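Numbering (the working numbering), first residue to last: 103 to 1104.
Cβ coordinates follow ideal geometry from the N, Cα and C atoms, glycine included.
Note that the structure is a prediction, hence the values are computed from the model and not measured.
See below for the structure under consideration.
Here it is in structure tokens:
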């Protein structure tokens, strides 16, 4: 911008120069004589004052860009002068074409004033002609103003398309050709500028026609113009056309430069002709042009873009050995190629090779490798590489940040996406619309659509451009919540603000309607789309069919599918997915076969879903058939699909077909991974074919595939179950040790594979089932010492083993320990504990019945003894009672029968009256009554006291009665001491009798 003072001075100087160069027009016989010079000067001064170039600019510190009829983005950057809207009524208010041409001729050496004059003409609505546009073109070409030429030509082309131009744009150049001489070589700039304008508008055919028309007039096009044309054709996929024009122009004398050859190499690689660029390098050598780093990088990038990154890296190394100049871009192309092929280890190797060669990776190389890690969901490596980049002084940008946030969202860590966005926002980094859209999507998945709306306003305040994708994401968020009202509100707001919904927006709405039970509205949306000029594509129909099936409206989905005349593979695949969602696997397989019989195949996602459903339902025959159909169609099934079918066959015990499929997989050139080997080993272990399982393990090692802890866990589980069937303890004392288990553990140790929780659980369960409790507990302690936390399955194995062996108390202790760690016992533990308790009760009941039988047998023997025999054999009877009742712990009810027998009148009267406390008989009675008193529910002691009173009333000896009464009270109150007042009903007296504080009788 010019300042007001400088602006005015410049204009005064320009005016003086123009006035000084004004000459009177040549005399003519018919018109009146020309005016005198002072009149001409006065008239010219009035015309120039009519422009009023600086009156309004005095009041405005900043001049706004002018707007003339051919203003474009390129021309908008200039700051020419502007006319006043209030132009006085002068001859220039309605000038003629002649006056305009004369003025432009006089302003030929003042291009800015000429442009201001044109702006004035636009304001007053002057109709330009071919002559005026030719004059303007000459001025701009003479002063080499390519951006303004581009604006002018863009304006002419736009008017021509709308039929508002009174001539064809090519007529303009016919006029220029007529005025062209050896002094006007500057007009070549206009020709080149028109070609570039047509190319920038993707008018390739018009540009090519004009190029050859100028060539027929002897004008050789500029090499830069041709390069621009070739490059844009290649970028738009017109590779054959670009190469054909290149060859034809070479026959007309066109001399390519190094950048032309670079574009040709890029075109050949894009066409897939990877050997022809070698001939281009040979041609460059013949014509004496030395290839620069961009030529070599273009060839390397072309190889990588054709999924030959390995060859591209070999070419790079060969160029490097030949001392070819290679820059970081060539290395970056190889890194991007390997990342696109998901060969991330090779990409990292190239990255490290760069550093060894002294080539410093730039932000684009880091971005490519981080993007590769994020595509592979290897977030930790991506973050580590990002930290390494920051530590080396390479600044991160919004592109790299968007890769990381997108990876977080794909991995389901939507909350982390929002948190990281807040951190990045606080750091001051510029965040573009892509980053905001990722955060919008994360908030919508979290159900926080309103927060996304607030963030949208913040995005506007930051000056970030809003587009259709942001609105589509918000609409999708509302549809995920089932809030279709707000979803359509955002859709209406989007239309009101001038954003035209695209096919993705309509697809989101169609999905939301169909999944929320509005099938009719979803189908009506298709008609509305067509009325708005948006034609539904295969994805639209696919989403509607899948949405209807997921909502349970299979009949509506089937009707819509049948109504479509042109069914693409994607639509068939949608029907396969829809039937799978509705668990109609048979119909899904029929659709798959119908499509396959037509020579097509459903997409990989549909085949995978159908294969998974077939394996879950156990229909392995159809699953194998699906794999064969894929192979016949030259579609390579993924290794996961093979693994699923193998697992289903092994689960069904069909090891013969499983082995056949495994061998077929290997013979077709596939390399089985550790998962496939583990599935096969597990299948043979379940079939008790341990030798075949170990043979597979050895074959696995020979192929260089390292077994993991799961593989060894499967082998250990198979061996332990086999030992259990044979009745062999893994490490039981005095029993044969299983060599397979011990050798497997040694092999794990040699391979430096540490057991995990599952492996320890398998070992513990095996030892518990073989009654090796000590080894199981030892393994349990070893697992805890190694830092592993037992899970519910581990506790279940221990509790089940203890309960099965009747150790319910220990099982309850483990259950309490488990609960203290915050683990909730599952149904398996509760079931095992119930079984243990029931089993323990049954064992206890059997023992009780046995003891009861013994007790009644003793009673029968004692009842047959007379009083005389009892007194004669008192000692032997005492020993027999002690052994039977006390040591054998016979039931309480039997003990009560013993006491009744002892207190019966015959036996009691036969006992000696001087029975003392130290006598064996007293000890027998004491033990019996103490045992009896510990279980008050089994035998009521009051019944025993009634028996005592009965005996006392029968005039038993007082001392004996006191002994019995005191013994009964002592048994009832074993912790009491002191004197008891025991009444004697026979003598109506009381005796103080008891024990002291030390528990001694007195």
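Residue 196: not part of any alpha helix (DSSP H); DSSP gives it neither H nor E.
In the three-state reduction of the DSSP assignment, residue 770 falls in the coil class. Relative to residue 492, the option among 545, 636, 463, 480 whose CA is nearest is 463.
Going by DSSP, residue 430 is part of the alpha helix (DSSP H) stretching over 430-442. In this structure, residue 466 lies near residue 434, with their beta-carbon atoms less than 8 Å apart.
In the structure shown, residue 579 falls within a helical segment according to DSSP collapsed to helix, strand and coil. By the Cβ test, the stretch 376-390 is not in contact with the stretch 418-437, since fewer than three Cβ pairs between them sit closer than 8 Å. Taking C-beta atoms as the reference points, residue 469 and residue 501 count as a pair closer than 8 Å. Fewer than three beta-carbon pairs drawn from the stretch 483-492 and the stretch 514-525 are found closer than 8 Å, and the two stretches are therefore not classed as touching.
Assignment of residue 271 by DSSP, reduced to helix, strand and coil, places it in the helix class.
Excluding its 5 nearest sequence neighbours in each direction, residue 476 has C-beta neighbours in its own chain below 7 Å: 484, 505, 506, 508, 509, listed in chain order. Beta-carbon to beta-carbon, residue 232 and residue 274 are separated by about 6 Å, close enough to satisfy the 8 Å threshold. In this structure, the beta-carbon distance from residue 332 to residue 344 falls below 8 Å. Here DSSP, grouped into helix, strand and coil, assigns residue 379 to helix.
About 6 Å separates the CB atoms of residue 336 and residue 372; that is less than 8 Å, so the two are in contact. At the C-beta level, residue 252 and residue 295 come within 8 Å of one another. By the C-beta density criterion, residue 223 is buried, having at least 16 other C-beta atoms within 10 angstroms.
Counting along the chain, residue 478 sits inside no alpha helix (DSSP H), nor does DSSP assign it H or E at all. By the 16-neighbour rule on beta-carbons within 10 angstroms, residue 850 is buried. Here residue 938 is near residue 913, since their CB atoms are less than 8 Å apart. Annotation for residue 906: the continuous alpha helix (DSSP H) segment containing it runs 894-906. C-alpha of residue 894 to C-alpha of residue 816: approximately 19 Å in a straight line.
Residues 474, 477, 478 of the same chain have their beta carbon placed closer than 8 Å to that of residue 444, with the five preceding and five following residues left out of the count. Taken through DSSP and simplified to helix, strand or coil, residue 263 comes out as helix. For residue 350, the uninterrupted alpha helix (DSSP H) run begins and ends at 341-353, by DSSP. Shown here, residue 781 sits in a helix according to DSSP, grouped into three states. Pairing residue 557 with residue 542 gives a Cβ-Cβ distance under 8 Å. Annotation: residue 581 to residue 545 spans about 13 Å, alpha carbon to alpha carbon. Taking all protein chains shown into account, residue 630 has fewer than 16 neighbouring C-beta atoms within 10 Å of its C-beta and is therefore exposed. If you check the CB distance, residue 610 and residue 588 do not come in under 8 Å. The residue from 549, 552, 550, 560 with its alpha-carbon nearest to that of residue 527 is 560. DSSP assignment within the stretch 648-688 yields the following whole alpha helix (DSSP H) runs of 4 residues or more, N-terminal first: 656-665, 671-683.
Burial state of residue 800 is exposed, judged by a 10 Å Cβ sphere holding fewer than 16 other Cβ atoms. Residues 393 of the same chain have their beta carbon placed closer than 7 Å to that of residue 383, with the five preceding and five following residues left out of the count.
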